[in-house]
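Contents: one structure, followed by commentary.
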Amino acid sequence: MDTDEPLPPELYTRPEAFQRERRSVFGSAWLLLARADAVRKPGDYVAESLGGWPVLAIADAQGAPRAFRNACRHQKLPLFDSGAGHCEQVRCRYHGWTYDIAGHFVSAPPPVAPSGELSPNLERVSAQQMHGLLFVHLDDDPPALAVSVPGLASALTEAGLKTHRFHAEITTEIDVNWKLVIEQALVDAREDVVRSVEWPCVIFDVIGSGAVLHQVIARSFHRTRIHHYHYGAPAAIEWSAARVARWKAGALERQTALEAGAAAALPASIELGAFRERLRSAHADGSIS
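For the sequence shown, my numbering assigns the number 1099 to the initial residue and increments by one for each residue that follows.
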């Protein structure tokens, strides 16, 4: 099969496809959650839904980040909305179950208190840091982060990301399928930019003395959020904004075309073909052609 052949339109337009990717793509990969500095002081937290998986990280009493599923152990309702903040304890807004910042169950109102001797602590999620970035994995015993993302690890090391001053974070919201954003980036090459794209959804650009890391977050089958982390030279922000505007316009145009049954073709590339081939493998147990 020609790996540059477009994927079936339903993979970009159907919620069933996103649910399959939730398990086969996002449920089995290291996912970037946030910059580690976002959870530096005890009680600092960040929460996000990554490919349909609600997760959170919170700094414990020693300032070490701990990651959990963003779900109360009572009725699996969310503890935090997406975003960052600070708290002294984690308290479920619905029924008052309370946990400390290490994820240990503390108390609950008597009418809804857990029965039995086992305290229902928050459900841990694997977490590792790399170059000041915090990644999470839904598996209990995942492979080492650096081994799983060798391309990104090498690119971050070569760019010396730790030596670059963090400059700003900017967020872009797009009403398109996440794959369209990645595909636009893969075909948007420039000679003055060194780009690395790590499966499934991290894009890292080095531009002169600056760098931009794009965290592509699949929020649903037709909603994507991108966090842009800018390092080094402030000029990278202006450059990045122009490129991201191109990605957004191209992704929106293709989303409209796909929903109308007339997909707009993209230029063939090795990187695009490899990305689509991994997606075909992720959907191998489903009904795609």
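Backbone N, C-alpha and C define an ideal beta-carbon position, used for all residues, glycine too.
Three-state secondary structure (DSSP) at D1142?
strand
Limits of the unbroken alpha helix (DSSP H) element including I1368:
1368-1380
To which residues of the same chain is A1125 closer than 6 angstroms at the C-beta, ignoring the five residues directly before and after it?
A quick correction: the sequence has Gly, not Ala, at residue 1125. L1236.
Leaving out the 5 sequence neighbours to the left and right, which residues in its chain are closer than 6 angstroms to L1311 when beta-carbon positions are compared?
F1302, Y1327
Classification of E1296 by the beta-carbon crowding that lies within 10 angstroms, buried from 16 upward:
buried
Could you tell me if G1078 is buried or exposed, where buried requires 16 or more neighbouring beta carbons within 10 angstroms of its beta carbon?
A question about residue 1078 goes unanswered here, because the residues of the chain that appear run from 1099 up to 1387.
Output needed for P1212: all residues of its chain with C-beta closer than 7 angstroms, excluding positions within five of it in sequence on either side, in chain order.
A1206, P1218
How is the alpha helix (DSSP H) around L1248 delimited, first residue to last?
The question names Leu, but residue 1248 in the sequence shown is Pro. 1248-1257 is the span of the alpha helix (DSSP H), which, as asked, contains P1248.
In whole angstroms, what is the alpha-carbon distance linking L1231 and P1104?
33 angstroms
Can you give me the Cβ contacts of G1306 inside the same chain, cut-off strictly under 7 angstroms, excluding the 5 residues immediately before and after it?
A1331
With hydrogens ignored, establish whether the beta-carbon of V1291 is closer than 7 angstroms to any heavy atom of the ligand FMN.
Judged by which ligands are present, the structure shown has none, so any question about the ligand FMN falls away.
Just to confirm, are G1141 and I1199 a CB contact at a threshold of 8 angstroms?
yes
Which same chain residues end up closer than 7 angstroms to A1349 when comparing Cβ atoms and leaving out the 5 residues on each side of it in sequence?
I1272, V1274, L1278, V1279, Q1282
In the DSSP assignment, find the unbroken beta strand (DSSP E) run with Q1173 in it and report its ends.
Run containing Q1173: none; DSSP gives neither H nor E here.
Mapping DSSP to helix, strand and coil, what is Y1047?
Absent from the model: residue 1047. The displayed extent of the chain is 1099 to 1387, so no value can be given.
Please state if the CB of P1152 and the CB of F1319 are separated by a distance shorter than 8 angstroms.
no
Complete alpha helix (DSSP H) runs within the stretch 1253-1318 (minimum length 4 residues, chain order):
1276-1284
Looking only at its own chain, which residues have a Cβ that is under 6 angstroms from the Cβ of C1170, when we skip the five neighbours before and after it?
L1177, C1190, W1195
Bridge-paired residues (DSSP) for W1151:
L1148
Grab the span of the alpha helix (DSSP H) containing G1348 for me, first residue to last.
1333-1357
First and last residue of the uninterrupted alpha helix (DSSP H) at L1109
1108-1111
Assign F1178 to one of three DSSP states: helix, strand, or coil.
coil
With a CB to CB cut of under 7 angstroms and the five nearest residues on each side skipped, what residues in its chain are close to D1100?
Here D1100 scores only 45 on pLDDT, less than 50, and its place in the model is too uncertain to base an answer on.
Any idea which residues DSSP pairs V1123 with across the strands?
Bridge partners of V1123: none, in fact.
Alpha-carbon to alpha-carbon, E1375 and A1361
18 angstroms
Whether D1286 touches W1345 by CB criterion (8 angstroms)
yes
Can you tell me whether DSSP reads Q1117 as helix, strand or coil?
helix
Does DSSP put P1209 in a helix, in a strand, or in coil?
helix
Using only alpha-carbon positions, find the residue among E1289, A1225, P1248 that is nearest to P1240.
A1225
By how many angstroms is the C-alpha of A1242 removed from the C-alpha of R1341?
32 angstroms
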